[in-house]
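Participant:
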């Protein structure tokens with residue numbers, strides 16, 4: 001009897017140490033499992049290969065105390081993604097937003113996946129330590145798209161995350177009437193709740209539509225030409241043109257819905273134009289499409305060494321598309337911010353191009369007048385469209401541009417953005433002193449990085465409030481569009497059984513957890529709450545429902 005008591009006492013004395021050791025080992029195994037799952041999500045692995053890879057790693061590294069204890073079947077991986085890592089990524093994003101003390105802008109859009117309609121909800125804010133941040137707060141399915149339904153989903157998502165609607169300073173979406181209509185739109189309904197909210201159109205789409213709208217003034221349809229040339233060469237072998245020695249290259253497809261693809265299509269046409277002309281002239285008018293023959297028919301008897309009037313239109317469209325292409329690529333960058341947008345759009349200028357300028361004197365006077373009239377009409381239509389959708393004089397982006405650090409702002413410019421004039425002037429003097437060295441620092445890539453450096457050296461709370469407001473306003477809907485691009489790669493025909501909750505979690509993990517796979521393991525091993533959630537059976541929905549019926553909390 002005493003021996004049994006003594007043995008039990010010895011066991012009880014050793015148990016806490018053994019339990020601590022076992023707990024530490026269990027945490028290490030769980031952290032390794034989470035890092036493995038995060039690695040799979042980060043690199044678009046399917047769950048069946050991840051399941052197989054874990055079994056293979058366990059077999060190959062059976063001598064490893066960690067690898068041999070990893071148990072990652074497909075069901076467990078899916079539940080770790082959907083019920084542990086997904087919520088953790090959203091929680092981490094919301095915590096960063098709240099800790100920054102910054103107001104934020106929201107962005108959304110609709111995308112169809114077959115017969116289903118999905119909406120991501122993104123937010124942008126500015127943190128003095130890490131700079132401008134874009135995070136994905138939610139991703140949900142909504143079959144209807146009236147303004148009431150979209151607004152309700154936004155409000156519910158913001159409230160459920162513990163955020164305040166009064167902190168929303170801007171609404172970003174595409175330019176559809178459901179978003180920005182004058183009478184009954186999402187923006188109008190949000191403005192009733194937050195009167196100070198700013199309307200931010202998708203300015204890349206504005207530039208895109210301005211280019212498309214302006215080209216309607218031309219009598220030669222370049223879009224039609226690009227499509228007809230492509231269809232003539234589609235599904236045939238390489239065409240040999242013996243008179244023209246030129247390296248083989250494909251004619252590119254122009255997609256009408258992505259209208260600026262016309263730039264790449266016209267550029268490739270120009271690179272191969274001599275060979276294309278010779279080929280279609282050899283076919284003759286009877287075997288050539290009318291839109292193509294209209295461009296080359298005047299050279300059927302003799303190839304001209306000078307640009308003809310139709311060819312002037314090709315070069316003109318190319319030069320115009322270059323301007324729009326560059327102007328759209330700038331706002332689409334991750335580093336783009338509200339201080340630079342006004343200058344980008346206002347600098348969309350017109351150049352007919354060197355090739356056209358050289359060709360015009362050789363054309364008949366009537367042809368010159370016709371071309372100049374239509375070129376001017378293109379300019380006028382583009383400017384009219386830009387002025388319709390971008391208020392150059394009353395746009396808030398005009399007042400934001402003084403903070404781009406390209407030149408020193410005046411104090412009058414700062415007063416337009418600040419309420420406290422006295423505090424702003426004291427801090428303005430600090431900015432004025434630090435600005436020359438910051439502007440000369442070539443290692444700082446943009447205005448956000450320059451302001452981060454300033455705030456590291458100087459305490460300027462009033463200026464920080466201004467910068468947080470300005471840099472939280474998005475310029476385009478590019479971030480949401482990138483979410484849709486990742487969605488297309490994630491939810492493919494081969495991975496068509498993913499649920500909405502699982503897709504949402506994968507997207508949030510990718511966009512909210514900006515770690516490398518090694519860094520994430522280091523973060524996970526220190527996060528006891530995350531490890532506890534991963535070890536708990538509550539991550540399994542079917543077990544959670546069963547335990548609720550039985551009245552247990554396992």
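Residue numbers (the working numbering): 1 to 554.
Glycine included, every Cβ here is placed at the ideal spot set by N, Cα and C.
(1) If I follow the unbroken beta strand (DSSP E) through residue 125, where does it start and stop?
(2) Look up residue 242 in the DSSP assignment and say whether it is helix, strand or coil.
(3) Given residue 430, which residues of its chain have a CB within under 7 angstroms of its CB, disregarding the five upstream and five downstream residues?
(4) What is the DSSP secondary structure of residue 390, reduced to helix, strand or coil?
(5) Are residue 508 and residue 89 closer than 9 angstroms when you measure CB to CB?
(6) Residue 136 lies in the alpha helix (DSSP H); which residues open and close that run?
(7) Can you have a look at residue 196 and say buried or exposed, based on whether 16 or more other CB atoms are within 10 angstroms of its CB?
(8) Just to confirm the assignment, what range does the beta strand (DSSP E) spanning residue 199 have?
(9) Per DSSP, residue 404 is paired with what?
(10) On the DSSP bridge list, what partners appear for residue 337?
(11) Can you give me the Cβ contacts of residue 317 inside the same chain, cut-off strictly under 8 angstroms, excluding the 5 residues immediately before and after it?
(12) Could you give the distance in angstroms between the alpha-carbon of residue 184 and the alpha-carbon of residue 140?
(13) Kindly identify the DSSP beta-bridge partner or partners of residue 172.
(14) Just to confirm, is the Cβ distance from residue 397 to residue 315 under 9 angstroms?
(15) Does the pairing of the segment 96-103 with the segment 65-80 give three or more beta-carbon distances under 8 angstroms?
(16) Near residue 299, what residues of its chain come up, given a Cβ to Cβ distance below 8 angstroms and the 5 sequence neighbours on each side ignored?
(17) In whole angstroms, what is the alpha-carbon distance linking residue 182 and residue 188?
(18) Using the beta-carbon count (16 or more within 10 Å), is residue 488 buried or exposed?
(19) Could you pull the DSSP bridge partners for residue 113 from this structure?
(20) Taking all protein chains shown into account, do 16 or more other C-beta atoms lie within 10 angstroms of the C-beta of residue 526, making it buried, or fewer, making it exposed?
(21) Let me confirm a value: residue 331 is counted as buried when at least 16 other C-beta atoms fall within 10 Å, else exposed. Which label applies?
(22) Which same chain residues end up closer than 7 angstroms to residue 147 when comparing Cβ atoms and leaving out the 5 residues on each side of it in sequence?
(23) Count the other CB atoms, across all protein chains shown, that sit within 10 Å of the CB of residue 321; report buried if there are 16 or more and exposed otherwise.
(24) If we ignore side chains and look at the alpha-carbon of each, how far apart do residue 245 and residue 169 end up?
(25) When the distance is taken between beta carbons, is residue 102 closer than 9 angstroms to residue 495?
(26) Which class does residue 294 belong to by DSSP, given the choice of helix, strand or coil?
(27) With the cut-off set at 9 angstroms, would you say residue 363 and residue 312 are in Cβ contact?
(28) What whole-angstrom Cβ distance do residue 81 and residue 498 have, given they're in contact under 8 angstroms?
(29) Is the Cβ of residue 146 closer than 9 angstroms to any Cβ of chain C?
(30) If you compare alpha carbons, which of 83, 493, 173 is closest to residue 107?
(31) Using the three-state DSSP reduction, which class does residue 377 fall into: helix, strand or coil?
Facilitator: Here's the rundown:
(1) Position 125 of the chain shown holds residue 125. From DSSP, the beta strand (DSSP E) with residue 125 extends over 116-127.
(2) Position 242 of the chain shown, counting from 1, holds the residue named residue 242. The pLDDT assigned to residue 242 is 47, lower than 50, so where the model puts this residue is not dependable, and the model offers no usable value.
(3) The residue labelled residue 430 in the question sits at position 430 within the chain shown. If the five residues before and after residue 430 are omitted, its C-beta is found closer than 7 angstroms to the C-beta atoms of 458, 460, all from its own chain and listed in chain order.
(4) Sequence index remark: in the chain shown, residue 390 carries index 390 (1-based). In this structure, residue 390 counts as coil in the three-state DSSP scheme.
(5) The residue you call residue 508 lines up with position 508 of the chain shown. The residue you call residue 89 lines up with position 89 of the chain shown. Cβ distance < 9 angstroms, so residue 508 and residue 89 count as in contact.
(6) One-based indexing of the chain shown puts residue 136 at position 136. From DSSP, residue 136 is part of no alpha helix (DSSP H) but of the beta strand (DSSP E) over 131-141.
(7) Looking up residue 196 in the chain shown gives position 196. Exposed, because fewer than 16 other Cβ atoms sit within 10 Å of the Cβ of residue 196.
(8) Counting from 1 along the chain shown, the entry for residue 199 is found at position 199. From DSSP, the beta strand (DSSP E) with residue 199 extends over 198-200.
(9) Stepping through the chain shown from its first residue, residue 404 is reached at position 404. According to DSSP, which records beta bridges pairwise, residue 404 is partnered with nothing at all.
(10) Reading the chain shown from its first residue, position 337 is the one you call residue 337. Here residue 337 is not bridged, per DSSP, to any residue.
(11) Against the chain shown, residue 317 aligns to sequence position 317. For residue 317, where only same-chain residues beyond five positions count, the Cβ hits under 8 angstroms are 215, 218, 222, 262, 266.
(12) Looking up residue 184 in the chain shown gives position 184. Looking up residue 140 in the chain shown gives position 140. Between residue 184 and residue 140, the C-alpha separation is close to 23 angstroms.
(13) As a first step, residue 172 is located in the chain shown; it is residue number 172 there, counting from the start. BP columns for residue 172 point to 107, 200.
(14) Along the chain shown, one-based indexing puts residue 397 at 397. Along the chain shown, one-based indexing puts residue 315 at 315. Contact: no.
(15) no
(16) Translated into the one-based positions of the chain shown, residue 299 becomes position 299. The answer, listed in chain order, is 277, 281, 308.
(17) If you number the chain shown from 1, residue 182 lands on position 182. If you number the chain shown from 1, residue 188 lands on position 188. Straight-line Cα distance between these residues: approximately 7 angstroms.
(18) Within the chain shown, the letter at position 488 stands for residue 488. Exposed, since its Cβ has fewer than 16 Cβ neighbours within 10 Å.
(19) Counting from 1 along the chain shown, the entry for residue 113 is found at position 113. In DSSP, residue 113 forms a bridge with 116.
(20) In the chain shown, residue 526 corresponds to position 526, counting from 1. Counting Cβ neighbours within 10 Å, residue 526 comes out exposed, since fewer than 16 surround it.
(21) Working through the chain shown from its first residue, we reach residue 331 at position 331. Result: buried.
(22) Position 147 of the chain shown holds residue 147. Here residue 147 has 178, 184, 185, 186, 189 as same chain residues with Cβ atoms under 7 angstroms from its own Cβ, once five neighbours each way along the sequence are excluded.
(23) By one-based count along the chain shown, residue 321 stands at place 321. Classification of residue 321: buried, given that the 10 Å Cβ count is 16 or more.
(24) Taking the chain shown and counting its residues from 1, the one referred to as residue 245 is at position 245. Taking the chain shown and counting its residues from 1, the one referred to as residue 169 is at position 169. With a pLDDT of 49 at residue 245, under the threshold of 50, the predicted position of this residue should be treated as unreliable, and no value is reported.
(25) In the chain shown, the residue the question calls residue 495 occupies position 495. In the chain shown, the residue the question calls residue 102 occupies position 102. Cβ atoms of residue 495 and residue 102: not closer than 9 angstroms.
(26) Here the question's residue 294 lines up with position 294 in the chain shown. In this structure, DSSP gives residue 294 a helical state, which the three-state scheme calls helix.
(27) Counting from 1 along the chain shown, the entry for residue 363 is found at position 363. Counting from 1 along the chain shown, the entry for residue 312 is found at position 312. It is a contact, given that the beta carbons lie within the stated cut-off.
(28) Here residue 81 is taken as the residue at index 81 of the chain shown, counted from 1. Here residue 498 is taken as the residue at index 498 of the chain shown, counted from 1. Going by Cβ atoms, the distance from residue 81 to residue 498 rounds to 10 angstroms, so no, they are not a contact pair.
(29) Considering every chain present, this structure includes no chain C. It has just one protein chain.
(30) Against the chain shown, residue 107 aligns to sequence position 107. Nearest option by C-alpha distance: 173.
(31) Position 377 of the chain shown, counting from 1, holds the residue named residue 377. Residue 377 falls in the helix class under three-state DSSP.
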